[in-house]
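Number of protein chains: 2
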Amino acid sequence: MDKITLAHGAGGNASKNLINKIFKKYFSNKTLDALDDAAVLKISGLKAAFSTDSFVINPIFFNGGDIGKLSVCGTINDISMMGATPAAMSAAAIIEEGFPLKDLERIAKSMSVAAKNAGVEIVTGDTKVVKKGEADGIFINTSAIGVIKNGVNLSGKNAKSGDKIIVSGNIAEHGISIMLSRDNFGFKNNIKSDCACLNGLTGGILKVCPNVHVLRDPTRGGVAATLNEIAESSNVGIIIDAKSVPVAKEVAAICRVLGFDPLYIANEGKLLSIQSAADTVKVLNACQKNKLGKNAKVIAEVVNSPKGVWVKTASGALRKVLNSDMEQLPRIC
Amino acid sequence: MDKITLAHGAGGNASKNLINKIFKKYFSNKTLDALDDAAVLKISGLKAAFSTDSFVINPIFFNGGDIGKLSVCGTINDISMMGATPAAMSAAAIIEEGFPLKDLERIAKSMSVAAKNAGVEIVTGDTKVVKKGEADGIFINTSAIGVIKNGVNLSGKNAKSGDKIIVSGNIAEHGISIMLSRDNFGFKNNIKSDCACLNGLTGGILKVCPNVHVLRDPTRGGVAATLNEIAESSNVGIIIDAKSVPVAKEVAAICRVLGFDPLYIANEGKLLSIQSAADTVKVLNACQKNKLGKNAKVIAEVVNSPKGVWVKTASGALRKVLNSDMEQLPRIC
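As they're listed, the protein sequences go chains P and V.
Numbered by UniProt numbering, the letters in the first sequence go through residues 1 to 333 in order.
Numbered by UniProt numbering, the letters in the second sequence go through residues 1 to 333 in order.
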């Protein structure tokens with residue numbers, strides 16, 4: 001391969017290869033190489049999380065949100081998964097000539113509401129305009145800084161044999177909602193993206209259990225890609241109990257018809273929490289107290305072997321959950 | 001106007017209107033409203049600068065640099081202009097399907113060299129891929145955080161009557177170089193973009209004179225747009241001495257032929273320093289000691305009236321330097 005393909009942006013194996021072969025090769029440093037959801041670094045003695053994300057979602061307005069809300073929540077979620085309390089945020093737009101000002105205003109308003117709800121201010125920004133045909137509507141980048149309390153030490157490397165894995169609610173809603181908004185395949189449906197800022201939820205979890213091992217939001221590539229990353233970083237196995245994974249009936253039905261596995265579909269308002277078996281009930285309770293975590297379930301456990309990610313089916317057999325090579329849905333975020 | 005135009009991205013009046021009518025309306029907060037090159041904020045007691053910029057320059061490889069070097073230096077310069085020492089940087093790429101991997105590698109290498117030279121690490125990143133035709137090659141966003149020492153208090157609001165304005169070297173080289181790389185108009189030329197990271201230069205200035213009033217890098221819209229912003233923020237007048245503005249002969253000649261005023265042309269490795277008359281010689285010396293400031297000159301003075309920006313011509317007459325409404329060169333950065 002000598003050219004960029006859509007798979008390079010899909011969060012699976014091709015993305016991983018691109019990171020290893022180009023970005024890690026040139027940018028390698030201790031902070032970056034952790035490859036967690038956000039960088040964790042010391043700035044003049046202050047423990048901080050720092051993350052960036054560009055959003056190219058299509059369509060820009062969808063059931064449950066828009067590119068503005070997503071661009072705020074996506075990045076707030078990345079620093080929240082490192083246990084940080086958001087301190088400040090940047091926003092930068094690349095806009096195609098001819099883009100309607102009323103749509104820009106609607107997006108700005110949505111960003112402002114999402115930021116206010118998350119308790120963070122957008123303190124700096126940038127706007128670039130390119131000619132008609134040189135971009136598709138609007139792309140938004142956000143970056144965020146947050147402060148991490150002493151004693152909180154989250155990382156994809158920290159999963160341990162015996163740990164339990166909680167998902168904070170029904171999966172696959174963002175990806176399926178976006179897909180149906182592009183082409184509804186003749187389905188009438190009420191599926192909404194789960195797009196939401198999770199810093200309140202992570203704050204609640206860390207309050208009752210500051211020594212959670214891993215928090216992650218399963219976005220591109222879904223739960224499958226995220227758990228594969230964690231299994232590799234922590235050098236463990238993860239066994240998912242198929243029947244315990246919460247999926248709304250309508251989403252499950254559409255996945256069945258279209259041949260998608262919900263485990264591979266993107267979420268934008270869910271998290272995975274990995275903690276010791278002993279801490280699991282209190283974390284589950286903390287999730288369920290928050291409206292964004294009310295359908296939280298224990299879905300998996302961490303084992304020493306077999307390595308990798310597996311689903312235990314109803315019959316008790318183990319099926320390997322591969323890190324997808326496929327771009328199921330481009331421009332999902 | 002109900003649609004985005006190229007002028008909205010050009011750094012002049014249309015950009016200002018967009019910021020006031022949409023972004024300030026929805027995002028207004030004390031930190032953002034300062035509208036300096038970077039936000040200055042307290043994070044758990046630490047005084048920090050935070051800035052973001054997206055780079056959409058065309059062509060991506062040009063004489064004197066490329067989109068990678070520019071994306072590192074542009075954002076490092078923004079926080080440096082607030083007096084910050086860079087602490088960490090993010091990088092996010094939006095790439096068009098089919099983009100050559102060897103070009104991506106060349107850009108990553110260039111970013112890595114620029115970051116190393118500036119003494120900053122790229123600690124977090126993101127890659128999105130869009131379909132062929134949905135973007136033009138590659139767009140890069142960078143954000144940076146830096147730490148500001150106590151006693152340093154830079155802002156576009158701080159210019160005072162009697163202050164002198166230094167420019168750190170020959171102007172208009174970035175803009176003219178990019179224009180000629182797109183269409184050389186039959187000229188043979190050796191004009192290089194001045195693209196450079198200025199944190200070494202600002203560090204040198206602040207070492208000898210921590211109470212400099214304003215530092216700014218005159219990028220989009222050139223010296224004219226930057227001085228207009230400062231004159232407005234500080235509610236002062238600025239009188240430029242036309243004959244003292246350093247412009248390389250070849251750049252001046254091309255500007256004459258094409259009818260461009262170098263004051264309006266973008267720079268990517270120059271700064272304007274505004275300080276009291278008494279401090280001006282030591283700041284000038286500090287600039288000239290650094291290879292990026294060796295041709296620094298005093299080019300203007302700050303007055304109480306007339307307000308706005310003016311050029312004193314050879315005959316002694318004052319000509320108003322308007323904030324341009326025109327997009328002279330789209331995708332200049």
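Using N, Cα and C, we set each Cβ at its ideal position, and we do this for glycine too.
- As DSSP reads the structure, S273(V) sits in a beta bridge with I166(V), L215(V).
- The segment 59-68 of chain P and the segment 27-47 of chain P do not touch, with fewer than 3 CB-CB distances between them shorter than 8 Å.
- In this structure, N267(V) and T202(V) do not form a Cβ contact; the two beta carbons are roughly 15 Å apart against a cut-off of 8 Å.
- Annotation: Cβ neighbours of M1(P) in chain V (cutoff 8 Å, chain order): L101.
- DSSP links R319(P) through a beta bridge to V311(P).
- Nearest neighbour of I230(P) by Cα position, chosen from S112(P), E121(P), G293(P), E301(P), turns out to be E301(P).
- Think of a sphere of 7 Å around the beta carbon of T124(V): the chain P residues whose beta carbon falls inside it are L32, A38, A39, F50, S51, T52, in chain order.
- Put simply, of L271(P), S233(P), G83(P) the residue whose alpha carbon is nearest the alpha carbon of K160(P) is S233(P).
- At a cut-off of 8 Å between beta carbons, N141(V) contacts chain P.
- Minimum Cα-Cα distance from W310(P) among the listed residues A248(P), A277(P), T226(P) corresponds to T226(P).
- Looking at L292(P), L263(P), N235(P), K312(P), the one whose alpha-carbon comes closest to that of I205(P) is L292(P).
- DSSP lists I95(P) as the bridge partner or partners of I138(P).
- Scanning its chain for C-beta atoms nearer than 6 Å, with the 5 sequence neighbours on each side dropped, one finds around V40(V) the residues A49, M82, in chain order.
- Here V167(P) is near V245(P), since their CB atoms are less than 8 Å apart.
- Within chain V, the C-beta atoms nearer than 9 Å to that of D136(P) come from V130, K131, G133, E134, A135, in chain order.
- The continuous stretches of alpha helix (DSSP H) do not include I122(P), which lies in the beta strand (DSSP E) extending over residues 122-130.
- A contact is defined here as three or more CB-CB pairs under 8 Å, and the segment 248-262 of chain P fails this definition with respect to the segment 6-22 of chain V.
- Close to V152(P), with beta-carbon spacing below 8 Å, lies no residue of chain V; the smallest spacing is near 14 Å.
- Here I95(P) has V129, I138 as same chain residues with Cβ atoms under 6 Å from its own Cβ, once five neighbours each way along the sequence are excluded.
- Neighbours of A84(P) across chain V, judged by C-beta separation under 7 Å, do not exist; the nearest C-beta is about 11 Å away.
- Only those residues of the segment 2-13 of chain V whose C-beta falls short of 9 Å from the nearest C-beta of chain P are listed: D2, K3, I4, T5, L6, A7, H8, G9, A10.
- For G98(P), a Cβ of chain V is located within less than 8 Å of the residue's own Cβ.
- Secondary structure note for S110(V): its alpha helix (DSSP H) is the uninterrupted segment 101-118.
- In the three-state DSSP reduction, A88(P) falls in the strand class (E or B).
- Fully contained in the segment 175-230 of chain V are the following alpha helix (DSSP H) runs of length 4 or more, in chain order: 199-208.
- Distance from the CA atom of V123(P) to the CA atom of A88(P), rounded to whole angstroms, is 6 Å.
- Boundaries of the alpha helix (DSSP H) around E250(V): 249-258.
- Per the C-alpha coordinates, the member of E121(V), D217(V), I60(V), I140(V) positioned closest to I79(V) is D217(V).
- When secondary structure is reduced to three states using DSSP, G237(V) falls in the strand class.
- In the three-state reduction of the DSSP assignment, K294(P) falls in the coil class.
- The C-alpha of H8(P) lies about 29 Å from the C-alpha of P86(P).
- A Cβ-Cβ contact shorter than 8 Å links V208(P) with V283(P).
- In this structure, A84(V) and V147(V) form a Cβ contact; the two beta carbons are roughly 6 Å apart against a cut-off of 8 Å.
- If you look at T31(P), you'll find it in the alpha helix (DSSP H) that goes 30-33.
- Nearest in C-alpha terms to L18(V), of all of N58(P), A108(P), V56(P), is A108(P).
- The C-beta of R256(V) comes no closer than 8 Å to any C-beta of chain P.
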